[in-house]
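The next block holds one structure in the form of C-alpha cells; read it before the comments.
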Amino acid sequence: MSSSPITSLNALINKAASLNSKPKLAPLESVECYQAHENQAETERLSEGDNRYRLLGEKLASFLPATDYQQHALHYVLKGLGYLPDSMLEALVSYLGGPTSKQYLNANAHLRLIIAVNIRLKTPLQLSKMQELRQRFAADAVAMQDPKVWQQASSNKLSNLKLINKSSDAAVNWHDKTIANADDGDMTIRCYQAGVHSKTNHNLDETVMLFFHGGGFCIGDVDTHHEFCHRVCAQTGWAVVSVDYRLAPEHAAPAALQDAIKAYAWLAKNSQDLGASPSRIVLAGDSAGGGLSTLLAQQLTHPTEEAWSDLGIAGQHMYKLLKTLPRPLAQMPLYPVTDIETDYPSWELYGEGLLLDHADVAVFDAAFMQNSPLPREHVLISPMIGDNSKVCPTYIVASEFDVLRDEAFAYAEQLKAAEIAVETYAVLGAPHGFVHLMSVHSGLEQQTQYIINDFARFVDEIISSESLLVA
1006 MSSSPITSLN ALINKAASLN SKPKLAPLES VECYQAHENQ AETERLSEGD
1056 NRYRLLGEKL ASFLPATDYQ QHALHYVLKG LGYLPDSMLE ALVSYLGGPT
1106 SKQYLNANAH LRLIIAVNIR LKTPLQLSKM QELRQRFAAD AVAMQDPKVW
1156 QQASSNKLSN LKLINKSSDA AVNWHDKTIA NADDGDMTIR CYQAGVHSKT
1206 NHNLDETVML FFHGGGFCIG DVDTHHEFCH RVCAQTGWAV VSVDYRLAPE
1256 HAAPAALQDA IKAYAWLAKN SQDLGASPSR IVLAGDSAGG GLSTLLAQQL
1306 THPTEEAWSD LGIAGQHMYK LLKTLPRPLA QMPLYPVTDI ETDYPSWELY
1356 GEGLLLDHAD VAVFDAAFMQ NSPLPREHVL ISPMIGDNSK VCPTYIVASE
1406 FDVLRDEAFA YAEQLKAAEI AVETYAVLGA PHGFVHLMSV HSGLEQQTQY
1456 IINDFARFVD EIISSESLLV A
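Laid out in C-alpha cells, this is it:
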C-alpha cells in the first residue's frame, strides 16, 4: 500500500457515492470516524443520513491529535471505511475491480474492499529495490496500527485516557535491548511486560513468548509487528520478546535461523528478568516468522548434527549450543512457511490478487536462497524435511485465502502422524498477513483475540498436564 492513500481513497468514496446515487460526501468525513465510534452509545444515536457523516467527522476532530493521525493514517482510513453502508462498500469494491462475495464467500464487503485497495495500490516487488520495499512496508505497517498500542503504560497521558486498554487487558510496557546475533553483531529485541508498574502480577504461570516477524525473510522488524506482540502481552499477561533477526538478501539462509537460536539462548538465560521461567518459553511467528518458529522448535527438540556440519565450524558451534538449551513449551505458527518445494492446491487457488501472490513469493525466495551455502532441500531451510517427531505441542493458525494455507495443514498432519499434540485453527475469510489488519477490521480483530486466548488455553492445558505428571 501507499503510505499516503487518503486523497485517492476520498476520491474512491465519492465515486462510490455517485455510483450508489447518494449525495457526495465531504472529504475525510466518511472515513475518519474511528474515535467517534469508540463511544458506541453516542454513535448509535446518530442518524443514518448524511448528517451522520458530518457529526462523525466533527467528533473525530475533537478527539484526534494531528500527530497521531499523520503517523497512523492508514488505521483511521481503513477502519473508517468499515462504517460506510454496505451498499457503498460494495460499490467501491466493484469500482476497484475487487473480489465479489461469490468469489470470497466468507469475506465481508469491508475486507474485500481492503483487499481491492491493496491490489490497486500495490507495486511489483523487485529484488534490486529491497531496501526501498522495507522502508515502505515498515511505514505502512505502523500506519495501520492503533496508536493506542504505542502508548507506554507508564505514560502520564495514558493514565488519563479511559479508552486505551479494554477492561480485560493488562497495561503493557516495553523496551528495546541489543543482544548479539549469530555473527556476534548487534541484534535488537523488544521486550514486553504486563502490569510492571502495578501491584498486580499478570504472569502467574511465568510464560514468555519468543516472536519472529514475517516478511519473506526480507522485510519487517519489531515495529511492523508491534501491535500483535502488544496484544498478546495485554491479553495473556505473558512476557513477549520480539526478535529483529537479520534479513535477506544481505544475510541469506540460514542466518535468520541462527539468529533465532541466539535469541532463544538469550531468553533462556534472562527469562527471570522478565518474570518468566526458561521452562515456559513458547514460540510464535507469522508467515516467514512462523516458518522460523517451526525450524527452531525442530532443532531445539531434535538438533541435526549432520545438517549443522554443512556450515563448518560455525555450524558445529551452533549445534553444541542447541544441545544446552531447554526445549520450548509450545509453539504457535501463524500461516507459516513450512515447505518451500511442494505446490499445494492453495498455491493455485490464492496465488493472485491477494496480499501475498506468486510474484512476491518468487522475489522473497530468490533473496532468501541465492547466496545461501545450503541447498533448497535442506533440513535447516524447510522444516517438513527434517525430523519433527519430537517437536513441542503445536497450535497452527491458517488463513483461508492464502497461498500458504495447505502447507500449514500438511505440517499439522505430519506432526499428528508423529503423535505430537496439535490443534489447528483456520480463519475463514482471512487473507495472508491478516494480523496487520487486526485493528482496522472488526471481524479480524475478534478472530485475533480468539486465537490469542485459545493459544493461552492450549498452553495452560500443557502446564496443567505437566504439573499432574510431576505430582
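All the letters of the sequence shown, read from the start, carry residue numbers 1006 to 1476 under the numbering used here.
Ideal Cβ placement from N, Cα and C applies to all residues, glycine included.
Small disclaimer: the values here were computed from a predicted structure and weren't measured.
ask   = beta strand (DSSP E) containing K1182: first to last residue?
value = V1177 to A1185
query = Which class does Y1400 belong to by DSSP, given the choice of helix, strand or coil?
reply = strand
query = According to DSSP, what are the bridge partners of I1286?
reply = V1213
inquiry  = According to DSSP, simplified to helix, strand and coil, what is L1334?
reply    = coil
ask   = To the nearest angstrom, how far is it from the Cα of H1441 to the Cα of G1221?
value = 15 Å
request  = Identify, in the order they occur along the chain, each residue of the same chain with its Cβ nearer than 6 Å to the Cβ of I1099, setting aside the five sequence neighbours on each side.
outcome  = Residue 1099 is actually Ser in this sequence, not Ile. Closer than 6 Å at Cβ, skipping near neighbours: no residue.
ask   = Ordered along the chain, which non-local residues of its own chain (more than five positions away) have a Cβ less than 7 Å from that of L1272?
value = V1213, L1215, V1246 and I1286
ask   = Going by alpha carbons, who is nearest to N1123 out of I1266, K1107, V1082 and A1372?
value = V1082
query = Is L1030 helix, strand or coil by DSSP?
reply = Confidence at L1030 is low in this model, with a pLDDT of 41, below 50, so its placement is unreliable and the value that follows should be read with caution. Here L1030 sits in coil by DSSP.
request  = Throw me the rounded Cβ distance for the H1437 and Y1340 pair, which I believe falls under 8 Å.
outcome  = 6 Å
query = In whole angstroms, what is the alpha-carbon distance linking L1301 and H1207?
reply = 27 Å
ask   = In whole angstroms, what is the alpha-carbon distance linking Y1486 and D1392?
value = The requested residue 1486 does not occur in the structure, where the chain is confined to residues 1006 to 1476.
inquiry  = In whole angstroms, give me the CA-to-CA distance for M1337 and C1196.
reply    = 18 Å
inquiry  = Please identify the residue among D1278, G1200 and D1145 whose C-alpha is closest to the C-alpha of D1228.
reply    = D1145
inquiry  = What ranges does the alpha helix (DSSP H) occupy inside the region 1080-1158, keeping only unbroken runs of at least 4 residues that lie completely in it?
reply    = 1091-1101, 1114-1126 and 1135-1149
request  = Could you tell me how far apart the beta carbons of L1097 and Q1198 are, in whole angstroms, since I believe they sit closer than 8 Å?
outcome  = The Cβ separation is near 41 Å, so there is no contact.
ask   = Can you tell me whether DSSP reads Q1198 as helix, strand or coil?
value = strand
query = Of the choices K1267, A1121 and P1388, whose alpha-carbon is the least far from that of D1191?
reply = K1267
request  = Assuming V1154 and H1235 form a contact by the criterion Cβ under 8 Å, report the distance between their Cβ atoms to the nearest whole angstrom.
outcome  = 4 Å
request  = Rank H1383, F1463, G1434 and N1186 by C-alpha distance to the C-alpha of K1107 and give the top, closest one.
outcome  = G1434
key: Pairwise C-alpha distance: A1114 and D1151   = 21 Å
Close Cβ partners of Q1304 (< 6 Å) along its chain, the five nearest in sequence each way excluded = L1327
task = Give, in chain order, every unbroken run of the alpha helix (DSSP H) that is at least 4 residues long and sits entirely within the region 1426-1460.
result = none
ask   = Exposed or buried, which one is R1343 when buried takes at least 16 other CB atoms within 10 Å?
value = In the sequence on display, residue 1343 carries Thr and not Arg. Classification for T1343: buried.
key: Segment limits, beta strand (DSSP E) that includes V1384   = Run containing V1384: none; DSSP gives neither H nor E here.
query = How would you write the range of the alpha helix (DSSP H) that A1257 sits in, first residue to last?
reply = Element bounds for A1257: n/a, residue is neither H nor E.
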